[in-house]
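For reference, the structure is listed below as structure tokens.
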Amino acid sequence: MYYSYFGLQEEPFSIAVNPKYLFMSARHRDALAHLLYGVGAGGGFILLTGEVGTGKTTINRCLLQQLPAETDIAIILNPALNADELLASVCDELGIEYEHGTSTLKDLTDKLHAFLLENHSRGRNTVLLIDEAQHLQFDVLEQIRLLTNLETNTRKLLQIILVGQPELGVMLSKPELRQLNQRITARYDLQPLDYDETDAYIRHRLQVAGLPANQELFPPSVVKGIYKRTRGIPRLINVLCDRMLLGTYGQNKTRVDAEMLNQAAAEVLGEVSEPGVNKQSWGLVAAVAVLAIGAVWGWQTQVFRAELPALEVSSPIAAAPAPIVPAELIQQSEPVLLTPWVRQEVHARQVLANYLGISMDASSDPCGDTVAHGWRCESLAAQSWDEVIEINRPAVLSLLTPARFAVSAVLVGIDGDMGRLLYEGQEVEIPLARLGPLWRGEYLILWRPPASYAAPFGRGETGPIVAWLAQEFADLDGQSQALASEVFNEALDARVRMFQRQYNLQDDGVVGLKTLLRLNAVAGRETAILSTPRISLSTASRLQP
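Residue numbers (my numbering): 1074 to 1618.
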């Protein structure tokens, strides 16, 4: 198929829900956090709504993966049932035995209540998830509400998650369902992706499918067109991108263009092509693609070699051959301001501190005992730029010139294969492949740990640091009640692991440097190198000897 032609290992835009391609935008993370909080808080109803194709099923699957092990869950995927049929389906899902065909509504309700009481006595939770809940009838919704009447002094014995399209929210707002509506303890309306998230979504799926790092399939102008036509709905993005790649393959091109976007939109979304566009038949495109398979394999290698730059290795260990090094670095005998972006180490730490807004004397060392301000210096080591990107903080890089002088540079941003280094309050660009041969793999960051933080901590820990962490997640999730007080409990452990998975951290439940840095970034307390504003400068002459 076409994916091999583009150097991909598999189709990147399949509409099947593949966990490998999970893309959690900020709004998807918020939705999942609301569901997890609702389950952990022991409330009655939890509501998730969203347009068709926005990712509700994806969130449901993430939720199921992160529920505690002592949770029994019943999933109803087709709720177009009457009350008797729905209760029977719930009993089937939970493994509750009953007389098929003869059990009354009361019989089913009694058996379900008995199961819930027994489950609670064994320390287990019971959750009912109903998808496409907008199809539920009013009398069935009322019966579902009655199921939540069984409770203890602290929690409901059955927690119900309703997932559906926006009309579900409208239906629940009707006066006759006000009792159910008042029992919803967590609700979230999932919106489509914005433009930046659409761009990130497309790149994410291509990268997971194995797109070579030096290849671009969807130019920015095409991504804008995709966002305009799909309105940021992931399912539509998948269908449209898949059809565009098929057409681009059939025309022996290496990138999707505006003409292909218009043709795909007409085919998939039923849009009329813009005036002046060649309305080539998609049937002809597919036929040409099939006939050209044999010739394309030999041709693609030549095209890729001729039109795409070679992938540069930016690891500090695997240095690029014949690295370009400014002449000043080689000729000078003293390692002081040899080039605009090279500094002595102490001066580099001062520049970094000023960049982060730390007020201090010009003669002070930010890592000295005299400067507190709640900040901490952290010396780290890495084997590649990916590890620096994972930490995602402005840093002082330790460099070694060809003349064996130890110098430093202040890294404040990374854009693709370009690094941005601070110089006189502005930023200069230099390829990471050019900077890599000089970098020793060591770097230093300044960050603000919680006041009560001393060392990594996890489940079973007690004290103010646990209360701080629980409140952080409550604020992040927009909840009034924290999951824990001063004891790191199971609910907080599950929330930490979810957070770690969201940001590609090791999901061990241990809160250390990387987890705290990411929390600081989400809360807006830290500056990230991947999201700082970019200053447009012409830096070619500045970086040349």
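Glycine residues also receive a C-beta, built at the ideal position from the N, C-alpha and C atoms.
Three-way DSSP call (helix, strand, coil) for residue i in this model
| i | result |
| --- | --- |
| C1314 | helix |
| I1088 | coil |
| N1593 | helix |
| R1218 | helix |
| K1093 | helix |
| Y1576 | coil |
| S1481 | strand |
| D1183 | helix |
| F1211 | helix |
| V1569 | helix |
| D1550 | helix |
| E1224 | strand |
| F1602 | Looking at the sequence provided, one finds Ile at residue 1602 rather than Phe. Correct three-state label for I1602: coil. |
| Y1496 | strand |
Pick from the options that is closest to residue i, judged by C-alpha positions
| i | options | result |
| --- | --- | --- |
| S1481 | I1462, L1190, L1181 and G1514 | G1514 |
| A1455 | G1117, R1449 and E1463 | E1463 |
| L1266 | R1591, A1594, P1085 and G1123 | G1123 |
| G1168 | P1285, K1179, G1551 and I1148 | I1148 |
| E1143 | T1175, V1200, G1128 and L1105 | V1200 |
| G1080 | T1588, A1282, T1535 and G1343 | A1282 |
| G1305 | P1285, R1328, L1241 and A1273 | A1273 |
| V1419 | I1431, Y1428 and P1439 | P1439 |
| Q1554 | I1088, M1097, L1160 and G1111 | G1111 |
| E1680 | H1107, S1077, P1141 and F1096 | The chain is shown from 1074 up to 1618; residue 1680 falls before or after that span and cannot be answered. |
| D1580 | I1234, E1545, D1566 and L1592 | D1566 |
| L1494 | H1173, L1425 and R1100 | L1425 |
| L1220 | G1242, H1173, D1157 and P1239 | D1157 |
| Y1078 | Y1171, N1198 and L1290 | L1290 |
Assigned exposure category for residue i - 16 Cβ within 10 Å defines buried
| i | result |
| --- | --- |
| P1152 | buried |
| V1569 | buried |
| N1465 | buried |
| F1211 | exposed |
| D1488 | exposed |
| Q1336 | buried |
| E1599 | buried |
| E1559 | exposed |
| T1177 | exposed |
| S1471 | buried |
| V1295 | buried |
Where the beta strand (DSSP E) through residue i begins and ends
| i | result |
| --- | --- |
| I1234 | Q1232 to G1237 |
| D1272 | Per DSSP, D1272 belongs to no beta strand (DSSP E); it is in the alpha helix (DSSP H), Y1268 to V1281. |
Residues bridged to residue i (per DSSP)
| i | result |
| --- | --- |
| W1520 | R1449 |
| W1512 | L1472 |
| M1491 | D1488 and P1504 |
| L1297 | It is worth fixing the name first, because residue 1297 is Lys in this sequence and not Leu. Answer is none; K1297 lacks a bridge partner. |
| N1198 | T1144 |
| V1560 | T1535 |
| I1306 | Per DSSP, none; premise fails for I1306. |
| A1331 | In the DSSP output, where bridge partners are listed per residue, A1331 has none listed. |
| F1530 | V1584 |
| R1260 | L1120 |
| A1454 | E1515 |
| I1203 | I1149 and L1235 |
| K1229 | E1224 |
Span of the alpha helix (DSSP H) around residue i
| i | result |
| --- | --- |
| Y1078 | Y1075 to Y1078 |
| R1422 | E1418 to Y1428 |
| S1525 | Careful: S1525 lies outside any alpha helix (DSSP H) and carries neither H nor E. |
| D1620 | Only positions 1074 to 1618 of the chain appear in the structure, and residue 1620 is not among them; the question remains open. |
Short CB-CB distance (under 8 Å) between residue i and chain C
| i | result |
| --- | --- |
| M1244 | The structure shown contains no chain C; it is built from a single protein chain. |
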